[in-house]
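Colleague: The UniProt record's numbering puts the first residue of the sequence shown at 1, with every later residue one more than the last.
The structure that follows is given in the form of structure tokens.
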Amino acid sequence: MYHSSAAPDTYGRVLVGGSKPHVGYVFANVTYPTELSLEAFLPPYMDPRHDSARPRVLPAPAEVRYGEATAVKFVIPAGAGAGGEVVWVAAVAPAFATHSFGMNQRVVELGVGRVAELDVGVYEAVVAAPPTPGVAPPGYYMWFVVHAGVPSSSAEWVRMRPLGPGT
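Next up, the structure:
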């Protein structure tokens with residue numbers, strides 16, 4: 001399709017949509033009718049067999065400044081433990097696209113320091129925000145926690161703000 005795009009949503013699905021261009025919308029009695037489509041693609045990491053390792057992010061800070069360290073809390077299902085498993089945090093820019101180009105497509109792997117268990121199955125990771133706007137321009141990002149290769153059941157919206165007065 002000519003006007004097509006794909007963008008991640010806050011639940012880890014990929015929304016795929018598009019249309020065939022026409023002068024006006026013509027849906028019937030023509031050789032090539034207007035086609036409008038939208039579907040949610042479920043990547044392999046969304047398979048329910050991964051739910052036993054899937055983290056759930058607890059409310060994250062509303063905004064973070066470049067270079068700051070911040071705490072991100074999350075829950076991992078009982079028995080899955082985060083101790084020996086790799087935990088990382090991804091900041092995903094909300095996509096906007098047209099004509100098959102995603103102009104703001106960006107995924108930034110954030111630095112994770114210590115990961116501590118606060119309670120049974122409840123963890124806190126110290127996460128380093130991107131160092132500069134060159135890595136992640138100011139704006140809103142979906143923060144996903146990834147545990148054992150499985151992303152969280154949903155993302156938290158976090159606003160990246162520059163350091164300094166009046167920003």
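Heads up, the beta-carbon is just placed ideally off N, CA and C, and yes, glycines get one too.
Note that the coordinates shown come from a computational prediction; the quantities given were computed from them, not determined experimentally.
Please name the residue or residues paired with residue 90 in a DSSP beta bridge.
Modeller: Its beta-bridge partners are 109 and 144.
Colleague: Give me the DSSP bridge partner(s) of residue 63.
Modeller: The partner list for residue 63 (beta bridge, DSSP) reads 159.
Colleague: Quick one: measure Cβ to Cβ for residue 41 and residue 33, integer angstroms, because I've assumed they're closer than 8 Å.
Modeller: The pair is not a contact, with the Cβ atoms about 24 Å apart (cut-off 8 Å).
Colleague: Measure from the alpha carbon of residue 148 to the alpha carbon of each residue in 51, 13 and 35, then state which is nearest.
Modeller: Among 51, 13 and 35, the Cα nearest to that of residue 148 is on 51.
Colleague: If you draw a straight line from the C-alpha of residue 122 to the C-alpha of residue 76, how long is it?
Modeller: Computed Cα separation, rounded: 7 Å.
Colleague: Could you tell me which residues DSSP pairs with residue 8 in its beta bridges?
Modeller: 14.
Colleague: Determine the DSSP secondary structure at residue 45, reduced to helix, strand or coil.
Modeller: In the structure shown, residue 45 sits in a helix (DSSP, three-state: H, G or I).
Colleague: Is it the case that the CB of residue 125 approaches a heavy atom of the ligand NAD more closely than 7 Å?
Modeller: Within the structure as shown, the ligand NAD is missing, as the structure has no ligands at all.
Colleague: Could you tell me the distance, in whole angstroms, from the CA atom of residue 87 to the CA atom of residue 36?
Modeller: Cα to Cα, residue 87 sits roughly 39 Å from residue 36.
Colleague: Only counting the same chain, and skipping five residues up and downstream in sequence, which positions put a Cβ closer than 6 Å to that of residue 7?
Modeller: So the qualifying residues of the chain are 15 and 95.
Colleague: Could you please give the first and the last residue of the uninterrupted beta strand (DSSP E) stretch that includes residue 78?
Modeller: Neither: residue 78 is in no beta strand (DSSP E) and is coded neither H nor E.
Colleague: Among the candidates 67, 124, 62 and 136, whose CA atom is the shortest distance from the CA of residue 146?
Modeller: Comparing Cα-Cα distances from residue 146 to each of 67, 124, 62 and 136, the minimum goes to 124.
Colleague: Tell me, which residues are paired with residue 36 by DSSP?
Modeller: According to DSSP, residue 36 bridges with 19.
Colleague: Per DSSP, residue 139 forms a beta bridge with which residues?
Modeller: Paired residue(s): 160.
Colleague: Excluding the 5 residues flanking residue 113 on each side, which residues of the same chain have their C-beta closer than 6 Å to its C-beta?
Modeller: Taken in chain order, the residues that qualify are 126.
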